[in-house]
Structures are given as structure tokens and as C-alpha cells.
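Just so you know, the sequences run in chain order A and X. For the first sequence, the numbering used here puts the final residue at 620, and the numbers step up evenly by one. For the second sequence, the numbering used here puts the final residue at 848, and the numbers step up evenly by one. Positions of the beta carbon are idealized from the N, C-alpha and C atoms, including for glycine. What you are looking at is a predicted structure, and each value in this text was computed from that prediction instead of being measured.
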Amino acid sequence: MTDTAEPATPRRRQRRLAERITRHLVGVTISAIFLAPLFWAVAASLKPTAEARRPPLPPWPTTGFSTDSYQVLGSVGSGIWTHAANSVIVSVATVALSVVVSFFAGYGFSRFSFPLKNLLFVLIISTIMIPFQSILTPLFLILAKVGLQNTLFGLILIYTTLQLPFSVFMMRNAFDGIPKELEEAARVDGAGVFTVLMRVMAPLVLPGVVTVAIFAFLAAWNEFLAALVLMTDQDNYTLPILIAAVRSGNYGSVDWGAVQAGVTVMMVPCLILFVTLQRYYLRGLTAGAVK
Amino acid sequence: MSITTQETEAAGIGVRDRGRSGRRKRLRRSVAGLLFVSPAILLVVVFFLIPLGSAAWMSLHRWPLMGEPRFIGLDNYVRMWSDSRFWDALGFTIYYTVVVTIAIFAVAFPLALFVQQPNRANSFYRTAVFLPVVVGFGSAALLWVWLMHVDNGLFSPAAQGLGITEGRFNLLASYNGVFWSIIIMVVWKTAGLTMVILMTGLQGVPSDILEAARIDGASASQRFRRITLPLMRRTIALALTLSVAGSMLAFDQFYLISSGGPRNQTLTAVYWIFTQSFVSFRLGYGSALSIVLLVILVIISTVQLRLLRDPRDAR
């Protein structure tokens with residue numbers, strides 16, 4: 330037996346090794362292709378202004394690193410910090426509001442029965458089928474009517490509403506996954522409804538909360554059209570609107586280094602968020618695929 | 534609160550014979566449930582249902598930004614028939630959707646097959662391909678419009694430097710240059726999403742069935758076509774729905790990269806509605822266009838949701 334097997338094994342092993350090397354070569358090439366544009370933008374943003382005007386070959390700065398492009402952004406619009414703050418406020422508040430509203434709604438839909446429950450649930454979920462682009466005009470007028478036109482708060486309310494179908498679906502599933510006995514045991518021990526919800530349930534649905542938060546953050550941070558239409562006052566521009574204005578030369582001739590610095594400022598938080606919380610993000614994604 | 538009460542409630546069975554205290558408890562829990570979901574309902578009503586109703590109402594009016602709106606019945610819809618710009622934009626949007634969806638699947642399916650085995654190298658490759666997905670469309674477009682720039686960008690100088698083209702060429706000046714560049718950009722930006730969804734589907738195909746088929750002598754391509762693909766039906770339909778719905782509403786990349794040009798040839802439906810509503814301020818007409826787009830999308834979603842359903846469930 331061993332005599333006949335011996336000559337075959339090293340050859341087979343060699344072939345397997347060759348296969349593995351090819352596989353990794355392909356994998357690394359694909360990864361490089363997908364990462365290249367991100368790398369190019371970040372590298373270009375670190376070039377001195379004169380160099381940033383030339384084609385990005387090689388992509389990295391050849392005459393030393395420089396923060397020129399970021400400094401240019403300091404003087405456009407109301408200054409990059411104001412606009413970065415706008416984006417942070419809108420995104421963080423959208424996250425907070427989405428989490429709170431969907432946490433309670435998820436609990437309500439999961440654990441209580443009340444008239445029209447199913448209808449109301451379907452109502453919230455089905456708004457995902459309707460493109461918000463088609464209701465932008467009335468939203469614009471409604472915000473004006475309630476005195477929220479051109480305010481970050483108005484934008485926050487709209488972003489939260491747009492995230493609701495996903496958030497509520499996610500949170501109801503999260504609560505559905507917790508055995509009822511757990512809640513009842515705590516209740517028997519004398520804890521009130523609210524205490525049970527915050528002390529016992531909240532930690533258990535935390536993964537769902539994180540998923541809701543990531544999706545809300547990315548959606549609010551990156552959203553373009555609604556912010557473009559609804560924020561007419563320059564002071565309230567979020568980052569994408571500001572950088573789009575820089576790119577179209579609203580603040581003097583187009584400085585591509587500054588545009589890429591803006592792109593970098595917009596991209597980096599998303600990339601960091603995804604890399605650190607990947608698990609929760611992908612859970613949210615596959616929730617739809619499995620259900 | 535006893536388990537039995539909750540179970541009866543959950544089953545929706547009346548608790549008439551449970552006595553007064555049970556009924557009161559039930560009522561209290563009903564009110565509590567409604568209170569818990571009320572913020573969500575309020576948001577949906579104020580920022581979704583009312584605007585939706587208003588859009589329909591506004592579409593029946595001449596509605597300038599300043600001055601009084603005037604009721605004109607279905608005039609906006611009649612006018613739409615002869616608005617060749619809108620139909621061109623809609624036609625272009627559908628064409629773009631078909632091309633980009635095919636392109637995304639053509640890239641994402643092989644990628645999904647490539648990275649489906651869980652191991653450390655694959656999880657790195659997955660992350661690399663997926664990263665552009667979390668970058669916003671706005672950022673991605675502002676990045677690519679620079680790469681595509683004739684003098685300061687990457688593609689044109691690089692092609693010249695490598696001797697592929699004689700001189701510089703302006704991708705943004707020709708319809709084909711703009712269209713295919715945007716297709717490539719969108720594939721780069723979204724293929725990772727489709728890949729992950731398809732991968733979940735692939736991993737859901739039971740390996741013992743595939744193994745049994747292999748033993749029975751089915752070839753790799755036979756196994757893929759006869760077992761894997763049919764079992765992935767729901768996943769494929771989901772990925773398709775996401776891609777189609779997203780592409781039909783495309784705006785950011787066309788606004789930021791081509792401004793609808795050259796010669797308005799890359800104007801999408803949402804872009805045209807945006808122009809009518811917020812550049813020309815024909816709010817009534819813009820609403821009528823929105824309603825038409827909305828109806829088209831709801832039809833597409835409904836058809837696709839039907840595909841999502843297993844045919845054996847329907848029977």
C-alpha cells in the first residue's frame with residue numbers, strides 16, 4: 330500500500346501548493362483593485378498643493394507629506410470644522426433617535442398585543458418600498474410649515490424615519506429572540522416593567538442595537554440628495570454637500586487635493602466603523618437574506 | 534403576569550371568561566404596547582404618510598414656490614406625455630439599471646464563489662472588496678470624478694504614459710466615456726454588497742446534497758446549475774431587488790460626475806424630478822413625475838417580491 334501511495338503524494342502535494350498560491354495571488358490582486366481607489370484618494374490628500382494639481386502618479390507624495398489640502402478646507406464655506414460638526418451632529422442624533430424609537434417599537438411589537446398591531450407593523454415595514462426621493466417636495470414644505478426648514482433637527486427626523494423599517498424590523502427580531510420566561514422571572518422577583526426592560530432586556534438585545542446604530546450612522550453620514558435639497562443655508566451644509574460645492578468650484582478654482590482631503594474625511598469614519606464592528610454590520614445585512 | 538395570559542393574548546383569543554381583572558390587565562397591556570410603538574408610528578405618519586398624500590395632492594396642482602397653488606386636475610399628467618426629456622430620462626434610467634445590474638452580478642457572483650469558504654485569507658479578501666460599500670455614493674463619486682479628470686486625474690494621464698492612447702482623452706466629454714466609467718465606479722462601489730448576500734445564499738446550500746450529487750456522478754457545472762442555483766433563488770432575488778431598486782433611483786453619481794451630461798444624455802429619472810422641483814420650482818409637476826416613478830418602483834418591487842416567494846409556498 331505505502332509503496333504505491335508514496336510517489337503520488339508529493340506530486341499531489343505540489344499541485345495543491347500551486348493551487349493555493351494561485352488562489353492567493355488572485356485574491357490579493359482582487360483586494361488590491363478594490364482598495365486602490367481608496368488608497369489613491371488618501372495619498373493624494375497628503376500632497377502639497379502644487380503636487381496635488383498634477384496627475385497622481387505615483388499616488389503618494391514625492392516632495393514630502395503636507396497638510397495643505399486640509400488647510401484649504403478650513404477656509405471653504407463656514408470652515409470644515411463647522412460642516413464636520415454638522416455631519417457628526419446629524420449622524421449621532423440619527424443614531425440615538427433611531428435606537429430609542431426602534432428599541433421601544435421593537436419591544437412593543439414583540440411582546441404586546443393591541444388592536445391593529447399587524448397592520449401598523451406592516452405599515453412601518455412597507456415604507457421601504459416607497460422611494461423617499463418621490464416625497465422630497467412635500468417634506469420640504471412640511472418642514473417649512475413646522476418651522477424646521479433648513480435645520481439639522483429636521484434632517485435628523487427625516488433620516489430617522491427613513492431608517493425605521495430596517496430598525497424596527499431588526500429590533501423586533503432581537504426581542505423575539507429572547508425567551509419570555511426570562512422577563513417573567515424578573516417580573517416575579519418584583520421588578521417593574523421599565524426596570525425589566527432596561528436591566529434585563531436591554532443588555533440582551535444589545536447586538537441588535539449595535540446593528541441598528543451602524544446602519545443609521547452610515548446612512549445619515551453619507552446621505553446626499555435630501556441634505557442637498559433641504560439644507561439651503563451654507564452654515565448647515567453637511568460634509569457631502571460642502572465637498573460637492575468645492576468640487577464644482579463654488580469657492581474658487583477646483584482644488585483636487587482639497588476635494589480628496591474632503592473625501593478622506595468622509596470615508597475614514599465609515600471605514601473604521603466597518604472594520605471594527607464588521608460582525609454586527611454583516612448580521613444586519615444577512616438578517617434580510619435569511620428571513 | 535402569568536404565562537397563560539400572555540399566551541392567550543399572543544394567540545389573539547378573546548379572554549371574555551377570564552373575569553374583570555384579566556380584562557383590565559389586558560387593556561392595560563394593550564395601552565402599554567401602543568405607547569411603546571407610538572413614537573415610530575408618529576414619525577412614519579408625519580414624515581412619510583402625510584408627505585406621500587401631499588405628493589399625490591400637489592400633483593393635481595400648479596404649485597409654484599411663491600404664490601398660490603392652483604388646482605388643475607390631471608393636467609400635469611397630461612403634460613407629462615409630451616415631456617420627451619422625462620421619458621428619455623426614464624429610458625436611460627432603465628437602461629442603466631439593466632446594464633449595471635448585469636455588471637454587478639457578473640463581478641459579484643464569481644467573487645462570492647471565490648471567497649465563500651470561511652478562512653482567514655478569505656475574510657481579508659471579503660473585507661477588501663466590501664470596504665467601498667460603506668463609503669457613501671457622494672464620496673465615491675467625488676473620488677472617481679477626480680480619477681476621471683482629463684488633466685489632473687489618473688486614467689487619462691496613466692493611459693497616455695503607458696502608451697495606450699496617443700494623447701489625453703476626456704472621459705467626461707463623451708456619452709460612452711461617462712456611462713461606462715460610472716458603471717465601473719458603481720460596480721466597484723456595490724459589488725461587495727451583492728457578493729456578501731450571494732455568499733450567504735451559497736453557504737445555505739446543504740453540503741450533503743451536493744456531496745450526494747457528486748457521488749451520483751453529477752459534474753461541477755451540473756451541480757451548480759441544478760442544485761446550487763435553484764436553492765439560492767431567494768438570495769438571488771433579494772440581491773436583484775436591492776440592485777434594481779437602488780439603480781432606478783440613481784442620482785448622486787450622475788449629479789456629481791456628469792451633471793447629466795454630455796447633452797443631458799445621462800439624466801436619470803430622479804435627476805429630472807430634482808431639476809423640475811428644485812431648480813425650476815415646478816413643485817406640482819415635479820410631484821406628478823414623482824408619483825409616476827413611485828408607481829413604477831412599487832410595481833417592480835411587487836414583481837420581485839413575488840419572485841422571492843418560493844413557488845411551492847404559493848401553491
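Drop a sphere of 10 angstroms on the beta-carbon of residue i, count the other beta-carbons inside from all chains shown, and report buried for 16 or more, exposed for fewer.
i	result
Thr540 (chain A)	buried
Asp741 (chain X)	exposed
Asp332 (chain A)	Caution is warranted here: a pLDDT of 46 is assigned to Asp332 (chain A), below 50, making its placement in the model unreliable, and no coordinate value can be reported.
Trp679 (chain X)	buried
Met595 (chain A)	buried
Glu335 (chain A)	Residue placement at Glu335 (chain A) is flagged as unreliable, the pLDDT there being 49, under the threshold of 50; a coordinate-derived value is accordingly withheld.
Gly519 (chain A)	exposed
Glu552 (chain A)	buried
Glu512 (chain A)	buried
Lys474 (chain A)	exposed
Asp593 (chain A)	One detail in the question is off: residue 593 (chain A) reads as Thr in this sequence, not Asp. Flag for Thr593 (chain A) reads buried.
Asn681 (chain X)	For clarity, residue 681 (chain X) is Met in the given sequence; the question names Asn instead. The residue is buried, with at least 16 neighbouring Cβ atoms inside 10 Å.
Ile464 (chain A)	buried
Gln462 (chain A)	buried
Pro569 (chain A)	buried
Glu540 (chain X)	Confidence is the limiting factor: at Glu540 (chain X) the pLDDT is only 42, short of 50, which leaves the residue's position unreliable, though a coordinate-based value still follows. Under this definition Glu540 (chain X) is an exposed residue.
Gln809 (chain X)	buried
Tyr628 (chain X)	exposed
Asn294 (chain A)	Absent from the model: residue 294 (chain A). The displayed extent of chain A is 330 to 620, so no value can be given.
Leu367 (chain A)	buried
Ala531 (chain A)	exposed
Gln786 (chain X)	buried
Against chain X, does residue i count as a neighbour if the rule is that its beta carbon must be under 7 Å from one of theirs?
i	result
Tyr436 (chain A)	yes
Asn447 (chain A)	no
Ser455 (chain A)	no
Leu554 (chain A)	yes
Thr331 (chain A)	Low confidence applies to Thr331 (chain A): its pLDDT is 43, below 50, so where it sits in the model is not reliable enough to give any reading.
Trp389 (chain A)	no
Pro487 (chain A)	According to the sequence provided, residue 487 (chain A) is Ile. The question's Pro does not apply to it. Judged by the 7 Å Cβ criterion, Ile487 (chain A) is in contact with chain X.
Phe482 (chain A)	no
Arg349 (chain A)	no
Met596 (chain A)	yes
Leu606 (chain A)	no
Thr423 (chain A)	no
Met530 (chain A)	no
Measuring CA to CA, which of the options is closest to residue i?
i	options	result
Leu838 (chain X)	X:Leu789, X:Arg796, X:Gly793, X:Ile769	X:Ile769
Trp590 (chain X)	X:Leu800, X:Pro602, X:Arg562, X:Gln786	X:Pro602
Thr430 (chain A)	X:Phe619, X:Val825, X:Val683, X:Ser571	For the sequence presented, residue 430 (chain A) should be read as Val rather than Thr. Of the candidates X:Phe619, X:Val825, X:Val683, X:Ser571, the one whose C-alpha sits nearest the C-alpha of Val430 (chain A) is X:Ser571.
Leu493 (chain A)	A:Asn415, A:Leu600, A:Asn551, A:Phe546	A:Phe546
Phe807 (chain X)	X:Gly737, X:Ala565, X:Ser823, X:Thr630	X:Ser823
Phe363 (chain A)	X:Gly734, X:Leu735, X:Thr723	X:Thr723
Val522 (chain A)	X:Arg553, X:Arg557, X:Gly566	X:Gly566
Val711 (chain X)	X:Thr733, X:Val683, X:Met732, X:Ala692	X:Val683
Gly817 (chain X)	A:Pro467, A:Gln343, A:Trp369, A:Tyr436	A:Pro467
Gly437 (chain A)	X:Arg553, X:Arg766, X:Leu568, X:Met781	X:Leu568
Gly435 (chain A)	A:Ile454, A:Ala422, A:Val421	A:Ile454
Leu480 (chain X)	X:Ser792, X:Gly794, X:Arg758, X:Val631	Outside the shown range of chain X, which is 534 to 848, sits residue 480 (chain X), and nothing can be said about it.
Arg852 (chain X)	X:Leu840, X:Ala706, X:Gly819	Outside the shown range of chain X, which is 534 to 848, sits residue 852 (chain X), and nothing can be said about it.
Please confirm whether residue i has its beta-carbon closer than 7 Å to some beta-carbon of chain A.
i	result
Gly669 (chain X)	yes
Asp741 (chain X)	no
Thr733 (chain X)	yes
Asn609 (chain X)	no
Val828 (chain X)	no
Ala561 (chain X)	Residue 561 (chain X) is actually Arg in this sequence, not Ala. For Arg561 (chain X), the answer is no, since every Cβ of chain A falls outside 7 Å of its Cβ.
Gly710 (chain X)	no
Tyr658 (chain X)	yes
Phe604 (chain X)	no
If the criterion is Cβ atoms closer than 7 Å, does the pair residue i and residue j meet it?
i	j	result
Gly537 (chain A)	Ala503 (chain A)	yes
Val633 (chain X)	Ile716 (chain X)	yes
Gly802 (chain X)	Ser592 (chain X)	The question names Gly, yet the displayed sequence has Ala at residue 802 (chain X). No.
Phe581 (chain X)	Thr391 (chain A)	no
Val624 (chain A)	Leu481 (chain A)	The requested residue 624 (chain A) does not occur in the structure, where chain A is confined to residues 330 to 620.
Ala372 (chain A)	Pro388 (chain A)	yes
Gln649 (chain X)	Met718 (chain X)	no
Val497 (chain A)	Ala573 (chain X)	yes
Ala590 (chain A)	Ser416 (chain A)	no
Ile507 (chain A)	Leu526 (chain A)	no
Leu386 (chain A)	Ala587 (chain A)	no
Shorter than 6 Å, the distance from the beta carbon of residue i to the closest heavy atom of the ligand COA, or not?
i	result
Leu816 (chain X)	Among the components of this structure there are no ligands whatsoever, and the ligand COA is therefore not found.
| task | Tell me the start and end of each unbroken alpha helix (DSSP H) in the segment 336-387 of chain A that is at least 4 residues and wholly inside, in chain order. | result | Runs found: 378-381.
| field | Segments assigned alpha helix (DSSP H), at least 4 residues, entirely inside the segment 747-824 of chain X | value | List check, alpha helix (DSSP H) in window: 753-756, 766-781, 802-811.
| field | Length-filtered (4 minimum) alpha helix (DSSP H) runs lying within the segment 443-507 of chain A | value | With a minimum length of 4 residues, the continuous alpha helix (DSSP H) runs that stay inside the segment 443-507 of chain A are 446-455, 465-474, 481-505.
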